[in-house]
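Report on the structure given below.
Numbering (UniProt numbering), first residue to last: 1 to 322.
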């Protein structure tokens, strides 16, 4: 047998093996070669969508997208990637022999699946599309969610959004939480925010001295707005409590301070305490009044320090009480 005939026989055998039908979809025979073609289509769609998304994002980095904001490019890149994926999948299904006119059956099956337990995934997917299209939330925004999660948006996916807190902890939040719950976005148009810092002083303190001490504390915190006539800091007397006068410092701060609200609040509390001490104003502690209706009460005072010393040093001789 010549080498040419042997090679031809091997090629024919491999071809027959690769084209031997496994099953049929409609009038199309599904065999190994067709499955390899389907795999190639899906891999190409994935590769092309990734390259296209990366290229659109690089428009901003190279300065070619100066007329578009970052969120717009991000949304366009992500939506384009999923559209390419969908088109590639449809082409692959058509290549496999599936009649796309009968996708209504597939849609019905998907609807049943959603009704049986995929409603949360479907809800997150739709919510992700809404976030990307409406652009009420964008990468880089600092948000505070109703669930208590607070941090900067690092990624908006079709199913979840990744938020990084000030402690550098990444939290995965379902997209439906942004649609169904309350979201405070600290990164919108205004470049400043007003915060409220409550504090208490003892009864009998001079209100005017308390106000001046709190205003002096504002000057000690960098980033406080004090020279704007419409946004001057204020001190409110809010409540007469059981043991204290309750005040509230209302101050406008630059947007950068609101990225770390806990740290900002701590800075003001620290400065207020310093100024109250300088002014000789006492911090209150719980007080209770005891009223005796009738009778007499015997009061005996003991030196607890001497008793404690005796318990710790039993070998020592007791000292006479003065």
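Glycine is no exception: its CB is placed at the ideal position from the N, C-alpha and C atoms. Predicted, not measured: the structure shown is a model, and the values here were computed from it.
Residue i versus residue j: straight-line alpha-carbon distance, rounded
{"i": "residue 160", "j": "residue 124", "result": "7 Å"}
{"i": "residue 53", "j": "residue 276", "result": "57 Å"}
{"i": "residue 15", "j": "residue 31", "result": "11 Å"}
{"i": "residue 50", "j": "residue 81", "result": "7 Å"}
{"i": "residue 137", "j": "residue 148", "result": "17 Å"}
{"i": "residue 241", "j": "residue 227", "result": "33 Å"}
{"i": "residue 89", "j": "residue 129", "result": "19 Å"}
{"i": "residue 209", "j": "residue 280", "result": "9 Å"}
{"i": "residue 8", "j": "residue 44", "result": "31 Å"}
{"i": "residue 323", "j": "residue 221", "result": "What the structure shows of the chain is the stretch from 1 to 322, and residue 323 is not part of that stretch, so it cannot be assessed."}
{"i": "residue 140", "j": "residue 219", "result": "30 Å"}
{"i": "residue 217", "j": "residue 153", "result": "32 Å"}
{"i": "residue 229", "j": "residue 205", "result": "29 Å"}
{"i": "residue 93", "j": "residue 122", "result": "22 Å"}
{"i": "residue 212", "j": "residue 182", "result": "37 Å"}
{"i": "residue 84", "j": "residue 35", "result": "20 Å"}
{"i": "residue 232", "j": "residue 287", "result": "35 Å"}
{"i": "residue 119", "j": "residue 203", "result": "58 Å"}
{"i": "residue 46", "j": "residue 86", "result": "10 Å"}
{"i": "residue 234", "j": "residue 196", "result": "10 Å"}
{"i": "residue 108", "j": "residue 156", "result": "29 Å"}
{"i": "residue 29", "j": "residue 21", "result": "5 Å"}
{"i": "residue 23", "j": "residue 127", "result": "39 Å"}
{"i": "residue 180", "j": "residue 79", "result": "22 Å"}
Beta-bridge pairing of residue i - partner residues as DSSP gives them
{"i": "residue 245", "result": "201 and 240"}
{"i": "residue 160", "result": "174"}
{"i": "residue 145", "result": "183"}
{"i": "residue 150", "result": "144"}
{"i": "residue 234", "result": "250"}
{"i": "residue 195", "result": "251"}
{"i": "residue 155", "result": "162"}
{"i": "residue 225", "result": "252"}
CB contact flag (residue i, residue j, <8 Å)
{"i": "residue 91", "j": "residue 163", "result": "no"}
{"i": "residue 291", "j": "residue 191", "result": "no"}
{"i": "residue 284", "j": "residue 243", "result": "yes"}
{"i": "residue 95", "j": "residue 33", "result": "no"}
{"i": "residue 247", "j": "residue 214", "result": "yes"}
{"i": "residue 151", "j": "residue 171", "result": "yes"}
{"i": "residue 166", "j": "residue 224", "result": "no"}
{"i": "residue 201", "j": "residue 282", "result": "yes"}
{"i": "residue 237", "j": "residue 245", "result": "yes"}
{"i": "residue 143", "j": "residue 184", "result": "yes"}
{"i": "residue 324", "j": "residue 56", "result": "Missing from the structure shown is residue 324; the chain here goes from 1 to 322 and no further."}
Nearest-angstrom beta carbon gap, residue j and residue i [assumed within contact, 8 Å]
{"i": "residue 186", "j": "residue 193", "result": "7 Å"}
{"i": "residue 253", "j": "residue 264", "result": "7 Å"}
{"i": "residue 145", "j": "residue 175", "result": "No, residue 145 and residue 175 are not in contact; Cβ-Cβ is about 12 Å, not under 8 Å."}
Proximity test, Cβ basis, 8 Å: residue i and chain C
{"i": "residue 154", "result": "Structure shown: chain C not included; a single protein chain is present."}
Exercise. If you scan the region 246 to 295 from start to end, which runs of the alpha helix (DSSP H) of 4 or more residues do you find wholly inside it?
Worked result: Counting only runs of 4 or more, we get 261 to 278.
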